[in-house]
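Protein chains: 2
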Amino acid sequence: MNVAALDGVKALTFDVFGTVVDWRSCIAREGAAFGRAQGIDLDWTAFADAWRGQYQPSMEQVRSGARPWARLDDLQRESLVGLLARHGVTGLPAEAIEQLNTAWHRLDPWPEVVAGLTRLKRRYILGTMSNGNIALMVNMAKHGGLPWDVILGAEIAQAYKPQPECYLRGAEALGLKPGECALVAAHNGDLHAAAKVGFKTVFVPRVTEHGPGQTKDLAVEPGIDLAVRDFQHLADLLEC
Amino acid sequence: MNVAALDGVKALTFDVFGTVVDWRSCIAREGAAFGRAQGIDLDWTAFADAWRGQYQPSMEQVRSGARPWARLDDLQRESLVGLLARHGVTGLPAEAIEQLNTAWHRLDPWPEVVAGLTRLKRRYILGTMSNGNIALMVNMAKHGGLPWDVILGAEIAQAYKPQPECYLRGAEALGLKPGECALVAAHNGDLHAAAKVGFKTVFVPRVTEHGPGQTKDLAVEPGIDLAVRDFQHLADLLEC
Numbered sequence: 323m324n325v326a327a328l329d330g331v332k333a334l335t336f337d338v339f340g341t342v343v344d345w346r347s348c349i350a351r352e353g354a355a356f357g358r359a360q361g362i363d364l365d366w367t368a369f370a371d372a373w374r375g376q377y378q379p380s381m382e383q384v385r386s387g388a389r390p391w392a393r394l395d396d397l398q399r400e401s402l403v404g405l406l407a408r409h410g411v412t413g414l415p416a417e418a419i420e421q422l423n424t425a426w427h428r429l430d431p432w433p434e435v436v437a438g439l440t441r442l443k444r445r446y447i448l449g450t451m452s453n454g455n456i457a458l459m460v461n462m463a464k465h466g467g468l469p470w471d472v473i474l475g476a477e478i479a480q481a482y483k484p485q486p487e488c489y490l491r492g493a494e495a496l497g498l499k500p501g502e503c504a505l506v507a508a509h510n511g512d513l514h515a516a517a518k519v520g521f522k523t524v525f526v527p528r529v530t531e532h533g534p535g536q537t538k539d540l541a542v543e544p545g546i547d548l549a550v551r552d553f554q555h556l557a558d559l560l561e562c
Numbered sequence: 323m324n325v326a327a328l329d330g331v332k333a334l335t336f337d338v339f340g341t342v343v344d345w346r347s348c349i350a351r352e353g354a355a356f357g358r359a360q361g362i363d364l365d366w367t368a369f370a371d372a373w374r375g376q377y378q379p380s381m382e383q384v385r386s387g388a389r390p391w392a393r394l395d396d397l398q399r400e401s402l403v404g405l406l407a408r409h410g411v412t413g414l415p416a417e418a419i420e421q422l423n424t425a426w427h428r429l430d431p432w433p434e435v436v437a438g439l440t441r442l443k444r445r446y447i448l449g450t451m452s453n454g455n456i457a458l459m460v461n462m463a464k465h466g467g468l469p470w471d472v473i474l475g476a477e478i479a480q481a482y483k484p485q486p487e488c489y490l491r492g493a494e495a496l497g498l499k500p501g502e503c504a505l506v507a508a509h510n511g512d513l514h515a516a517a518k519v520g521f522k523t524v525f526v527p528r529v530t531e532h533g534p535g536q537t538k539d540l541a542v543e544p545g546i547d548l549a550v551r552d553f554q555h556l557a558d559l560l561e562c
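Which chain is which? The protein sequence lines are A and B, in order. All letters in the first sequence, in the order written, are residues 323 to 562 by our numbering. All letters in the second sequence, in the order written, are residues 323 to 562 by our numbering.
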């Protein structure tokens, strides 16, 4: 495992939720503000975890073909409405639901992210490789100052990670071979899927993504090309 | 015609060839260098005009349904090979053709563009609304320092301007209504097509796009929301 594995890489693509931004504490914070405004008393950190818990099942309906293509914003709105109903919260105006659903557009980056990406951008094409839709990615970038060159990922590919098409269509859109692209992610599973289609892979640990009791993705697994401490460390190693 | 027409606009989308970058002199320059390297003696400015002359006819084949979706890079490569053959140039290695074809990825922006976009980016989402494909737009942005937030346009929409889908799918990808988007372009025809689907419109004159003898798009036509001198002027008017 060393940096030479990334020789020839022209584009660094990034998983976003968890890897670039801290969704859990931001959703909990936005939920708490929403709860105060609407007079809803809930454990909003638990709510954030439950909402995120619907993430994979909702995409799986699209991956399996059980439903046609749908953007993540729409999947997450459905999950949100269902979760609120389970807490006895119904009949909210559509604008209130929309305000909370777009909390995902206002997630904050981990502390070193913007400085690291700004350095990496000097030498590499920087793209999102997220299951988030284009509007979500663009609004989040404006909110947090994320200097992406291009929004790739699920909406461009019309396929949700870890489906191979999601990575492959991103590379193809850049006119690059898979081996000229790297995926940077805090999730070993995502990296293994990208490696399988020829992407180079970089693991960055985000050991509090799921809170203090996190048990998975604490360390890199075998088969990943490179592990770094954070984005600044990656910029150091890539001499950006 | 005044700036108040742009109230409520959240995204500025830009035509690129001619509006943002000076394709004619850059293609002529790259062609001349290519000619020297390959020992081909041609009038490369005339060649640039002839190559660009194939632009609309090549896209029209896709628009009409006569051929399936194809990226602009591929259409332009076909036009290039045909044009070279008409000048008696055949049998060039594929890498040489590719080198010249990707001259479109290395076009320089007009002088005030980067400074103007940098100011506009503070308050607006900046997107490409070009018939150029994603790789072309991304490589051009890296070459010229164009600070786009998002690459929209033909490849995202799978439709070539002035087809309404090209504009509409761009707005939809941003989660915006057409009236929350403006098109900035040096071409009245492009602006009229965008206006027809509800976009706000901004004309910027590029009176030497086609060289010193340019006869079209020298001035704004009726029906366009705003005319500006250049991108800096637009940033002034929008108080960026």
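Every residue, glycine too, gets a C-beta built ideally from N, C-alpha and C.
Expected contact under 8 Å - CB spacing of residue i and residue j to nearest Å
i: A/K464; j: B/D471; result: 7 Å
i: B/V411; j: B/I362; result: 6 Å
Cross-strand partners of residue i (DSSP beta bridge)
i: A/K522; result: A/A504
i: B/P431; result: B/V343
i: B/F336; result: B/T450, B/V506
i: B/L548; result: B/V524
i: A/V472; result: A/G449
Given residue i as reference, the closest of the options once Cα atoms are compared
i: B/V460; options: B/A388, B/V338, B/A355; result: B/V338
i: A/T424; options: A/L458, A/R444, A/G449; result: A/L458
i: A/I478; options: A/W391, A/G375, A/P527; result: A/W391
i: B/P484; options: B/G357, B/F553, B/G466, B/S452; result: B/S452
i: A/G545; options: A/V529, A/G375, A/G511; result: A/G511
i: A/T530; options: A/A333, A/A327, A/W345; result: A/W345
i: A/G467; options: A/A476, A/A481, A/V435; result: A/V435
i: B/L559; options: B/A495, B/R445, B/P433; result: B/R445
i: A/A326; options: A/A355, A/P534, A/T523, A/W373; result: A/T523
i: B/A393; options: B/R374, B/D539, B/Y482; result: The amino acid occupying residue 393 of chain B in the given sequence is Arg; Ala does not appear at that position. Of B/R374, B/D539, B/Y482, the residue nearest in Cα terms is B/Y482.
i: A/E417; options: A/Q383, A/P486, A/A359; result: A/A359
i: A/D539; options: A/C562, A/H514, A/G404, A/Q554; result: A/H514
i: B/G404; options: B/W426, B/C488, B/A388, B/R374; result: B/R374
i: A/V542; options: A/N324, A/F525, A/A355, A/A388; result: A/F525
i: B/F336; options: B/G535, B/C562, B/A493, B/E561; result: B/A493
i: B/N324; options: B/D365, B/F553, B/D547, B/T367; result: B/D547
i: B/G535; options: B/G357, B/A355, B/A368; result: B/A368
i: A/L406; options: A/L364, A/H427, A/P379, A/W426; result: A/L364
CA-to-CA distance, residue j to residue i, given in whole angstroms
i: A/Q398; j: A/Y377; result: 7 Å
i: B/T537; j: B/C348; result: 20 Å
i: A/D396; j: A/R385; result: 15 Å
i: B/T440; j: B/P469; result: 7 Å
i: B/E400; j: A/P527; result: 46 Å
i: B/L334; j: B/V506; result: 7 Å
i: A/K443; j: A/H409; result: 44 Å
i: A/G533; j: A/G353; result: 16 Å
i: B/Q480; j: B/N455; result: 10 Å
i: B/P415; j: B/C488; result: 35 Å
i: B/K499; j: B/R491; result: 10 Å
i: A/G387; j: A/M381; result: 10 Å
i: B/R389; j: B/Q383; result: 6 Å
i: B/F356; j: A/L402; result: 57 Å
i: A/R551; j: A/C562; result: 16 Å
i: A/G475; j: A/Q554; result: 23 Å
i: A/P379; j: B/P379; result: 46 Å
i: B/P486; j: A/P486; result: 31 Å
i: B/W366; j: B/W426; result: 14 Å
Beta-carbon proximity of residue i to residue j, cut-off 7 Å
i: B/A508; j: B/T341; result: yes
i: A/G520; j: A/G501; result: yes
i: A/V318; j: A/P431; result: This structure cannot settle anything about residue 318 of chain A, because the visible part of chain A is limited to 323 through 562.
i: B/G438; j: B/A557; result: yes
i: A/M462; j: A/L429; result: yes
i: A/I473; j: A/T450; result: yes
i: B/A370; j: B/A350; result: yes
i: A/A504; j: A/V331; result: yes
Cutoff 7 Å: residue i Cβ touching any chain D Cβ
i: B/L496; result: This model lacks chain D altogether; the protein chains it does include are A and B.
The ligand ZN heavy atom lying under 6 Å from the CB of residue i
i: A/G410; result: Among the ligands in the structure shown, none appear at all, so the ligand ZN cannot be discussed.
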